[in-house]
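In terms of the numbering used here, the sequence shown opens at residue 2 and continues consecutively. Ideal Cβ positions, reconstructed from N, Cα and C, are used throughout, including at glycine. Quick caveat, the model's predicted, so the values are computed rather than measured.
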Amino acid sequence: MAKKEKLTKPTATAIAVEPVLGCVIVSKSLFLETMEAIEKQYKHDQKCNTAFKTLLPNDYTSGYDNHWVNNELIKYLQKAMNDEHAESWIEYFLWELDFGKKYRPGSVIRKDKTHIDLSNTGKLYDYLIEENKSKCLHPLSELRFWNDSTVECLICGHRGLTF
Ligand SMILES: [Zn+2]
């Protein structure tokens, strides 16, 4: 007879920004901080580009540009928030809604006709969490497979038949 494993729920651990060998949990404050930095850099670059065009209208060599770094930072956030796909909410928020400034109630609507509030970065974070709340997005190495065919995540505690 197979030895039964003891099925106990792990004690809840506080969510912290903690590197777990390639896996970083992005807290709301880290998300806000990073998005603020992306906006700051983007706005600063726009101002500099305008100034350079005025000062050096025929200069195509100095190439002041930070979009490579900014785009990579956005990619990190998209990966961390399970938002790395063609319909990325983060990209929509940044470029279509101009960092939330162009948001109007009704800009984004759920299937059940309720509004998705994307008026600021905090609301965006909340929505991304809501969209993924029933999913575990942690790496396979953090999953524990139990005898009753359920799978449990050692990071978020999510447990179920499928992940
Ligand atoms: Zn998990």
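Inset, instruction - Verify whether the separation of the beta carbon atoms of E143 and I130 is less than 7 Å. - result: In the sequence shown, the residue the question calls residue 143 occupies position 142. In the sequence shown, the residue the question calls residue 130 occupies position 129. Cβ distance not < 7 Å, so E143 and I130 don't count as in contact.
Inset, instruction - Tell me whether I75 is buried or exposed, calling it buried when 16 or more other Cβ atoms sit within 10 Å of its Cβ. - result: Numbered from its first residue, the sequence shown carries residue 75 at position 74. Buried, by the Cβ-count rule.
Inset, instruction - Have a look at the DSSP bridge pairing and note the partners of R1. - result: Past the edges of the chain, shown from 2 to 164, lies residue 1, and the structure says nothing about it.
Inset, instruction - Kindly indicate which three-state DSSP category I110 falls into: helix, strand or coil? - result: Indexing the sequence shown from 1 puts residue 110 at position 109. In this structure, I110 counts as strand in the three-state DSSP scheme.
Legend entry - Close Cβ partners of D46 (< 6 Å) along its chain, the five nearest in sequence each way excluded: Residue numbering aside, residue 46 sits at position 45 when the sequence shown is read from its first letter. The answer, listed in chain order, is N67.
Inset, instruction - Would you decide whether Y65 is buried or exposed? Buried here means 16 or more other CB atoms lie within 10 Å of its CB. - result: Against the sequence shown, residue 65 aligns to sequence position 64. Here Y65 is exposed. Its C-beta has fewer than 16 other C-beta atoms within 10 Å.
Inset, instruction - Could you spell out where the alpha helix (DSSP H) holding M36 opens and where it closes? - result: Along the sequence shown, one-based indexing puts residue 36 at 35. Counting along the chain, the alpha helix (DSSP H) containing M36 begins and ends at 29 to 56.
Inset, instruction - Give me the Cα-Cα distance between D118 and K54, rounded to the nearest whole angstrom. - result: Position 117 of the sequence shown, counting from 1, holds the residue named residue 118. Position 53 of the sequence shown, counting from 1, holds the residue named residue 54. Cα-Cα distance, rounded: 37 Å.
Legend entry - Enclosing alpha helix (DSSP H) for K124 [first to last residue]: Stepping through the sequence shown from its first residue, residue 124 is reached at position 123. 122 to 133 is the span of the alpha helix (DSSP H), which, as asked, contains K124.
Inset, instruction - Between the Cα of D127 and those of V25, N59, C49, W90, spot the shortest distance and give me the residue it belongs to. - result: Position 126 of the sequence shown holds residue 127. Ranking the options by Cα distance to D127, first place goes to W90.
Inset, instruction - Measure the C-alpha to C-alpha separation of E40 and F100 and round it to an integer number of angstroms. - result: Working through the sequence shown from its first residue, we reach residue 40 at position 39. Working through the sequence shown from its first residue, we reach residue 100 at position 99. If you take the alpha carbons of E40 and F100, they lie about 7 Å apart.
Inset, instruction - Express the C-alpha separation of N148 and Y93 in angstroms, rounding to a whole number. - result: The residue labelled residue 93 in the question sits at position 92 within the sequence shown. The residue labelled residue 148 in the question sits at position 147 within the sequence shown. The alpha-carbon atoms of Y93 and N148 are separated by roughly 43 Å.
Legend entry - Helix, strand or coil at K139 according to DSSP, with G and I counted as helix: Taking the sequence shown and counting its residues from 1, one reaches residue 139 at position 138. The identity of residue 139 in the sequence shown is His, whereas the question assumes Lys. Coil at H139, not helix or strand.
Inset, instruction - Give a single yes or no on whether I26 has its beta carbon closer than 6 Å to a heavy atom of ligand 1. - result: As a position in the sequence shown, residue 26 is number 25, starting the count at 1. Checking the Cβ of I26 against ligand 1 gives no.
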